[in-house]
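Enquirer: Protein chains in written order, with this note's numbering: chain F, 15 to 179; chain G, 15 to 179.
Just so it is clear, CB atoms sit at the ideal spot from N, CA and C, and this is done for glycine as well.
Everything numeric in this text was worked out from a predicted model, so none of it was measured.
There are 2 protein chains.
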Amino acid sequence: MALREEFLEANSAFAAEFKDGDKPLPPARKALILACMDARLHPEKAVGLHIGDCHCVRNAGGRASDDAIRSISISQRLLGTKEVHVIHHTDCGMLTFTNDQIAAKIKEDLGTDAGYGRDFLPFADLEQSVRDDVATVKSSPLVAPDTVVHGYVYDVKTGKLTEVA
Amino acid sequence: MALREEFLEANSAFAAEFKDGDKPLPPARKALILACMDARLHPEKAVGLHIGDCHCVRNAGGRASDDAIRSISISQRLLGTKEVHVIHHTDCGMLTFTNDQIAAKIKEDLGTDAGYGRDFLPFADLEQSVRDDVATVKSSPLVAPDTVVHGYVYDVKTGKLTEVA
Chain F
15 MALREEFLEA NSAFAAEFKD GDKPLPPARK ALILACMDAR LHPEKAVGLH
65 IGDCHCVRNA GGRASDDAIR SISISQRLLG TKEVHVIHHT DCGMLTFTND
115 QIAAKIKEDL GTDAGYGRDF LPFADLEQSV RDDVATVKSS PLVAPDTVVH
165 GYVYDVKTGK LTEVA
Chain G
15 MALREEFLEA NSAFAAEFKD GDKPLPPARK ALILACMDAR LHPEKAVGLH
65 IGDCHCVRNA GGRASDDAIR SISISQRLLG TKEVHVIHHT DCGMLTFTND
115 QIAAKIKEDL GTDAGYGRDF LPFADLEQSV RDDVATVKSS PLVAPDTVVH
165 GYVYDVKTGK LTEVA
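What follows is the structure, encoded as structure tokens:
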């Protein structure tokens with residue numbers, strides 16, 4: 015079965031039991047999670063979130079990219095969130111490459127130079143990457159200056175979250 | 015109790031029961047979900063994903079932004095994913111504003127012009143926004159040309175997913 019069909023079949027079962035259709039658009043907990051896209055991290059489960067609780071922004075690394083700042087700004091200005099919780103994790107793919115290496119791999123696999131000159135936002139130090147992203151969120155002119163920002167590392171082997179910033 | 019403490023307390027309970035510490039870095043289902051950050055959408059639950067199954071990229075709108083393409087490229091070139099599933103949803107905040115309106119709100123609330131001239135990627139037509147993002151993913155030089163791409167709308171009132179692209 016194609017994954018698309020599996021998703022639709024699993025969703026039919028989910029929708030049949032769904033009881034949270036009355037939640038409003040603004041997040042109940044007035045917070046946003048910024049986390050890595052890693053398949054082993056399910057942020058809502060890891061911190062006990064219910065449907066409607068928090069915005070959840072995810073990208074490769076859980077980085078405070080320009081696009082993450084766009085999302086945080088929309089979340090705060092239009093939907094009333096006041097906190098940002100940054101979650102990176104152990105064994106992250108972002109620790110394993112440099113910009114030059116991925117650009118060369120794109121060239122080799124896809125035959126295009128489009129990867130060169132781009133910043134794919136890899137990092138060499140996991141805890142420092144969290145501190146850097148917390149600092150980027152705090153210093154952005156598009157983020158409210160009184161925003162509460164915390165940073166954590168999630169351990170993919172134990173499921174444990176540790177605060178680091 | 016601060017939200018930070020609630021997260022850490024909920025995580026202690028989660029970690030105490032955690033049994034999925036043996037999953038490898040590459041996603042088992044070789045796919046990536048691109049979904050909106052909305053608090054009412056928990057993508058993994060909505061399509062039946064287990065820990066380790068799929069990358070999950072999320073931002074305001076679930077848009078195929080330049081940063082989402084960065085994440086997809088890393089997911090494909092370094093971690094072997096072959097499919098992208100785009101999920102937008104009903105009652106999305108992105109349907110409610112224009113770039114000028116949010117830039118003016120940022121100016122009013124935060125006293126900065128930093129919002130002007132930016133594209134916050136709002137949209138006026140939900141299904142069309144899914145088709146647009148599917149097309150953007152398919153046409154990116156950083157995405158493999160044989161990538162399987164599907165697009166869906168998730169109904170926040172019923173939990174139901176409908177394929178639209």
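I need the boundaries of the beta strand (DSSP E) containing residue 175 of chain G, first residue and last residue.
Expert: In the DSSP assignment, residue 175 of chain G falls within the beta strand (DSSP E) that extends over 175-177.
Enquirer: Can you pull the chain G neighbours of residue 177 of chain F, defined as C-beta to C-beta under 8 Å?
Expert: 18 and 22
Enquirer: Measuring straight from C-alpha to C-alpha, what distance separates residue 148 of chain G and residue 122 of chain F?
Expert: 25 Å
Enquirer: Please confirm whether residue 70 of chain G has its beta-carbon closer than 7 Å to some beta-carbon of chain F.
Expert: yes
Enquirer: Using a Cβ-Cβ cut-off of less than 8 Å, give me the residues of the stretch 74-102 of chain G that come near chain F, in sequence order.
Expert: 74, 79, 80, 81, 82, 84, 85, 87, 88, 89, 91, 92, 93, 97 and 99
Enquirer: Under a CB-based cut-off of 7 Å, is residue 125 of chain G close to chain F?
Expert: At a cut-off of 7 Å, the C-beta of residue 125 of chain G has no neighbouring C-beta in chain F.
Enquirer: Would you tell me roughly how many angstroms separate the C-alpha atoms of residue 194 of chain F and residue 15 of chain F, rounded to the nearest one?
Expert: In the structure as shown, chain F starts at 15 and stops at 179, and residue 194 of chain F therefore has no counterpart that could be examined.
Enquirer: Quick one, which of G:102, G:137 and G:86 has its alpha-carbon nearest residue 110 of chain G's?
Expert: G:137
Enquirer: Taking only three categories from DSSP, how would you classify residue 167 of chain F?
Expert: strand
Enquirer: Taking any Cβ of chain F, which residues in the stretch 56-67 of chain G have a Cβ under 7 Å from it, in chain order?
Expert: 56, 58, 59, 60, 61, 62, 65, 66 and 67
Enquirer: Select from F:134, F:54, F:69 and F:70 the residue whose C-alpha is nearest the C-alpha of residue 103 of chain F.
Expert: Nearest of F:134, F:54, F:69 and F:70 to residue 103 of chain F, Cα basis: F:54.
Enquirer: Please report the residue range of the alpha helix (DSSP H) in which residue 18 of chain G lies.
Expert: Under the DSSP assignment, residue 18 of chain G falls in the alpha helix (DSSP H) whose first and last residues are 17-31.
Enquirer: Which value, in whole angstroms, describes the spacing of the CA atoms of residue 179 of chain F and residue 166 of chain F?
Expert: 7 Å
Enquirer: List the residues that DSSP assigns as beta-bridge partners of residue 6 of chain F.
Expert: For residue 6 of chain F there is no data in the structure shown, the boundaries of chain F being 15 and 179.
Enquirer: How do the stretch 171-178 of chain F and the stretch 44-64 of chain G stand: do at least 3 beta-carbon pairs fall below 8 Å, yes or no?
Expert: In short, these stretches do not touch, since the Cβ pair count stays below three.
Enquirer: Can you find a C-beta in chain F that's less than 7 Å from the C-beta of residue 138 of chain G?
Expert: For residue 138 of chain G, no Cβ of chain F is located within less than 7 Å of the residue's own Cβ.
Enquirer: Counting only Cβ pairs nearer than 7 Å, list the residues of chain F close to residue 39 of chain G.
Expert: 105 and 107
Enquirer: Let me make sure I understand the geometry here. Which of G:43, G:91, G:72 and G:66 has the alpha-carbon closest to that of residue 57 of chain G?
Expert: G:72
Enquirer: Quick check: the Cα distance between residue 31 of chain G and residue 37 of chain G, rounded to an integer number of angstroms?
Expert: 16 Å
Enquirer: Sorted by chain position, which residues of the same chain lie with C-beta nearer than 6 Å to residue 141 of chain F's C-beta, five sequence neighbours on each side aside?
Expert: 178
Enquirer: Ignore the nearest five residues each way along the sequence and tell me which others in residue 130 of chain G's own chain have a CB closer than 7 Å to its CB.
Expert: 117
Enquirer: What do you get for residue 27 of chain G, buried or exposed, if any count of 16 or more other CB atoms within 10 angstroms of its CB means buried?
Expert: exposed
Enquirer: So residue 155 of chain F and residue 128 of chain G are supposed to be a Cβ contact under 8 Å. How far apart are they, rounded?
Expert: 4 Å
Enquirer: Counting contacts by CB-CB distance shorter than 7 Å, is residue 48 of chain F in contact with chain G?
Expert: no
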